[in-house]
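Notes for the one structure printed next.
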Amino acid sequence: MTIQKIDGTTFGQMILVSAEHLSNHREMIDSLNVFPVPDGDTGTNMNLTLTSGANEVEQVDHKHVGQIGEVLAKGLLMGARGNSGVILSQLFRGFSKAIRDKETLTTKNFAEALQAGVETAYKAVMKPVEGTILTVAKDAANAAVEKAEEVDDHIEFMEHVLTEAKASLQRTPELLPVLKEVGVVDSGGQGLVTVYEGFLSVLKGEALPTYANKVNVEQMINAEHHKMHQDFMNTEDIEFGYCTEFMIKLERDKEHPFKEEDFRNRLGNQGDSLLVVADDDLVKVHIHAEYPGEVLTYAQNYGSLVNVKIENMREQHTSIVGDAKKEEKVVMAEYAIVTVALGSGIKEMFESLGANVVIEGGQTMNPSTQDIANAIQKANAKRILVLPNNKNIVMAAEQAADLVEGEVAVVPTKSIPQGMSAMLAFHPDRSLEDNHKEMVAASEEVKTGQVTYAVRDTQIDGLEIAKGNFMGIADGKITSTSKNKLEAITQLLQGMIEEDEDEIVTILTGEDATDEEVSEIEQYMEEHFEDMEIEVHNGNQPIYSYIFAIE
Amino acid sequence: MSINLQNEYGEVTISNDVISTIAGGTAVECYGIVGMASKKQLRDGIAEMLRKENIAKGIVVRQEENELHIDMYIIVSYGTKISEVALNVQNQVKYTLSKMLGLSVESVNIFIQGVQVTQKA
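Each protein sequence line maps, in turn, to chains E and B.
Letter 133 of the first sequence, counting from 1, is numbered 133 in my numbering, and no numbers are missing.
Each number in my numbering comes from the position in the second sequence (counting from 1) with 551 added on.
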């Protein structure tokens with residue numbers, strides 16, 4: 001049998017069945033929930049969300065698939081519960097938008113709709129965490145788009161989508177460390193797979209697979225185990241010292257027939273973290289008990305024991321705590337940043353931004369090539385970025401980079417603001433080349449204004465400058481001069497700020513700056529550039545009364 | 552402002568910056584949040600000045616007597632259930648702070664400052 005087109009009735013059916021399927025597996029999905037908050041409600045939330053959508057769908061009798069989609073999206077939005085529920089509602093919001101005008105769906109339509117859902121869902125998060133339901137949805141949609149090129153049959157198509165979704169789900173622990181640590185797959189992703197399973201079963205006209213419970217027993221136990229133990233505790237606080245796991249092969253002819261609830265109650269007195277998962281002929285038990293022997297003896301009443309594992313948790317805990325203490329060794333850092341700065345405030349600022357070595361120096365006090373080379377060695381890192389922050393030091397920095405061994409790159413920053421801007425673009429996860437590129441780009445984004453005084457009479461760039469006059473320097477070029485400091489400043493700022501483009505002026509005050517001056521500058525800014533934001537930092541640099549960073 | 556914890560070896564001081572950074576870091580990973588809104592008077596120093604994505608902006612940590620309160624100013628995505636997104640942020644922030652710092656937060660107040668509409672052509 002093949003299905004070429006999905007109409008409203010079929011789609012509605014797919015939703016209803018998958019809602020029911022999700023409901024059946026709610027508890028299993030709950031148990032996998034360790035991220036973002038291990039509160040074990042993902043399955044419940046997704047179920048409530050999808051049920052709300054399904055209820056809306058159930059009330060209408062449309063043949064038009066677009067209309068069903070619309071009703072569904074509305075129902076999901078209203079019923080969205082929890083993180084995963086909100087994401088699910090977004091996935092179907094995008095989905096339903098994409099199919100709004102469609103009477104029926106081809107595989108291509110369906111794939112495009114899945115893709116649109118993923119796009120919508122990703123838009124609603126600043127920093128998507130991969131290894132979650134989002135990833136599973138994305139991988140499944142990508143697979144869908146590819147497969148739709150090949151096949152028109154919805155059954156074959158959906159089978160492929162489901163297979164890929166499952167594969168993606170299995171990869172989630174690789175992407176999200178907390179999942180790997182606990183040894184589970186992502187609960188939201190599992191929920192989505194369950195929905196897709198519901199879809200497929202309707203298309204095939206088959207009963208739903210009962211796969212999940214058995215496959216995931218191991219994971220459930222890991223997750224439960226983790227939840228009990230994620231909090232810090234002292235070794236002495238462990239009340240029940242033995243983590244005990246075993247399985248009972250039930251034997252029918254035993255005196256006492258196995259009753260899960262009685263069994264659970266009885267073991268509950270023996271310890272905590274109890275988990276009992278039973279089917280017709282096998283029971284898996286996990287318990288933290290102080291006297292594991294008693295637990296085993298009791299369990300033997302019901303059958304023979306297999307896969308017995310008992311661990312002393314006090315010993316384990318002590319050794320974990322011990323290991324953590326051992327791991328302090330001096331190793332070569334991955335990355336270091338060496339920079340040049342003058343002024344205690346600026347130095348501090350660079351350090352707080354993450355510079356490892358700050359060489360004192362700058363205008364009229366240039367560090368030598370050797371100084372820089374020494375600093376690079378002192379930084380002791382595999383990869384090192386050097387920010388000279390002055391155009392007269394760029395050359396020396398480049399020579400120093402050649403001198404020393406190892407991977408060293410110079411970001412040719414010509415001013416303090418450029419240097420700070422570059423620092424902020426640094427990312428420890430990126431390669432040296434990429435960092436260099438990004439940092440150069442960032443340094444070019446910022447405009448630098450400086451104010452200082454003339455030490456002699458001179459004429460530069462068509463400006464007459466008398467000794468003792470104040471000069472405003474915009475990106476290395478003298479643009480204003482005046483006997484009055486404030487006037488030099490205001491002229492400089494006026495020439496530099498472009499109101500449409502710039503948003504922020506950062507002021508680094510020099511050694512000789514006074515509070516009165518600063519407030520005068522702030523007042524001037526407020527009067528003339530009311531939309532600009534101003535931030536003042538104490539740079540404490542000599543020579544330059546003020547350094548302005550304008551972006 | 553900072554928070555002091557006493558243990559057998561001495562004292563641990565956690566500054567409010569740490570708390571707001573953790574809260575912010577958690578918030579941006581929350582689903583449905585597309586931005587943090589900074590209130591002008593809350594501007595958060597040089598990082599924001601230089602357009603670094605500063606996750607702590609838009610977060611105020613208040614200490615009243617011995618209780619810790621956090622206010623967060625966020626922008627959510629259009630088409631999400633806003634109450635639910637806010638609830639998730641509250642849960643997640645509370646959980647993360649207790650896990651990472653062992654701090655119990657009295658309240659996490661969410662102020663929805665904007666809704667971002669992304670219209671697809």
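The C-beta atom is built at its ideal place from N, Cα and C for all residues, glycine as well.
CB contact check: residue i to chain B, cutoff 8 Å
i	result
Met126(E)	yes
Arg81(E)	yes
Gly191(E)	no
Gln416(E)	The sequence given here places Ile at residue 416(E); Gln does not occur at that position. Not closer than 8 Å to any Cβ of chain B, the Cβ of Ile416(E) fails to qualify, so no.
Lys437(E)	no
Gln90(E)	yes
Asn55(E)	no
Val277(E)	no
Met233(E)	Note that Met233(E) has pLDDT 49, beneath the 50 cutoff, so the model's placement of it is unreliable and no number is given.
Pro177(E)	no
Ile550(E)	no
Lys259(E)	no
Lys123(E)	yes
Gly85(E)	yes
Val60(E)	no
Val129(E)	yes
Beta carbon proximity, residue i to chain E, threshold 8 Å
i	result
Tyr646(B)	yes
Gly583(B)	yes
Asn558(B)	no
Arg602(B)	Reliability of the predicted coordinates at Arg602(B) is poor, the pLDDT of 37 falling under 50, and the value obtained from them is presented with this limitation in mind. It does: the Cβ of Arg602(B) has a partner Cβ on chain E nearer than 8 Å.
Gln641(B)	no
Glu678(B)	Given that chain B is displayed from residue 552 to residue 672, the structure contains no residue 678(B) and the question cannot be resolved.
Glu580(B)	yes
Gly609(B)	no
Gly586(B)	yes
Gly596(B)	Per-residue confidence for Gly596(B) stands at a pLDDT of 35, beneath the threshold of 50, marking its modelled position as unreliable; the derived number appears in the next sentence. Yes, contact with chain E.
Glu562(B)	no
Gln592(B)	Per-residue confidence for Gln592(B) stands at a pLDDT of 36, beneath the threshold of 50, marking its modelled position as unreliable; the derived number appears in the next sentence. Output row for Gln592(B): interface = no.
7 Å Cβ shell around residue i - same chain, five flanking residues per side excluded
i	result
Lys108(E)	Ala148
Ala379(E)	Ala336, Val338, Asn356 and Val357
Glu119(E)	Gly94
Asn469(E)	Tyr453, Ala454, Thr481, Ser482 and Lys483
Val65(E)	Ile6, Asp7, Gly8, Phe11, Ile99, Lys102, Glu103, Thr104 and Leu105
Met78(E)	Ser52
Glu522(E)	Ile534
Thr2(E)	Asp153 and Ile155
Leu432(E)	Arg383, Glu407 and Ala409
Close beta carbons around residue i, own chain, < 6 Å, minus the five adjacent residues each side
i	result
Glu112(E)	Ala98
Phe662(B)	Tyr624
Ser658(B)	His620
Thr490(E)	Tyr524
Ala637(B)	Ile661
Gly189(E)	Ile133, Val136, Leu169 and Thr172
Val256(E)	Here residue 256(E) turns out to be His, not Val, going by the sequence shown. Answer for His256(E): Asn301, listed in chain order.
Close-in-space but distant-in-sequence residues of the same chain around residue i (CB under 8 Å, 5 per side omitted)
i	result
Val455(E)	Lys467
Arg266(E)	Tyr298
Gly75(E)	Ser52, Gly53, Ala54, Asn55, Glu56 and Val57
Gln641(B)	Val659 and Ile661
Residues within the region 93 to 121 of chain E neighbouring chain B, beta-carbon criterion of under 9 Å = Arg93, Gly94, Lys97, Ala116, Glu119, Thr120 and Ala121
So, do the region 33 to 41 of chain E and the region 179 to 189 of chain E have three or more beta carbon pairs nearer to each other than 8 Å?
-> Contact between the region 33 to 41 of chain E and the region 179 to 189 of chain E is present, because at least three Cβ pairs lie under 8 Å.
Sufficient close CB pairs (3 or more, under 8 Å) joining the region 512 to 524 of chain E to the region 468 to 476 of chain E | The region 512 to 524 of chain E is not in contact with the region 468 to 476 of chain E.
Pick out the complete beta strand (DSSP E) segments inside the region 410 to 468 of chain E, 3 residues or longer, and give them in chain order.
-> 447 to 453, 458 to 460 and 463 to 465
Runs of beta strand (DSSP E) lying entirely within the region 518 to 551 of chain E, each at least 3 residues, in chain order | You should have 533 to 541 and 546 to 550.
Select from the region 628 to 640 of chain B all residues with a C-beta closer than 7 Å to any C-beta belonging to chain E, and list them in chain order.
-> Ser628, Gly630, Thr631, Lys632, Glu635, Val636 and Asn639
Inside the region 606 to 658 of chain B only - beta strand (DSSP E) runs reaching at least 3 residues | 610 to 615 and 618 to 628
Listed from N- to C-terminal order along the chain, which residues in the region 519 to 545 of chain E have their beta-carbon within a distance smaller than 8 Å of any beta-carbon of chain B?
-> The region 519 to 545 of chain E vs chain B, Cβ under 8 Å: Glu533, Glu535 and His537.
What runs of the beta strand (DSSP E), each 3 residues or longer, lie entirely inside the region 146 to 195 of chain E?
-> none
Under 9 Å (Cβ pairs) to chain B, residues found in the region 13 to 43 of chain E = Pro36, Val37, Pro38 and Asp39
Which residues, in chain order, does the region 69 to 80 of chain E contribute to contact with chain B at a C-beta distance below 8 Å?
-> Leu77, Met78 and Ala80
Could you run through the region 438 to 469 of chain E and flag, in chain order, every residue whose CB is less than 9 Å away from some CB of chain B?
-> Ala442, Glu445 and Val446
Contact set between the region 133 to 167 of chain E and chain B, restricted to residues whose Cβ is under 7 Å from the partner | From the region 133 to 167 of chain E, no residue has a Cβ closer than 7 Å to chain B.
Check whether the region 530 to 549 of chain E touches the region 563 to 574 of chain B, taking contact to mean three or more Cβ pairs, one atom from each stretch, closer than 8 Å.
-> no
Using 8 Å as the Cβ pair cut-off and three pairs as the minimum, do the region 341 to 360 of chain E and the region 399 to 413 of chain E touch?
-> no
Contiguous alpha helix (DSSP H) assignments of at least 4 residues, all confined to the region 281 to 322 of chain E = 292 to 299, all fully within the region 281 to 322 of chain E.
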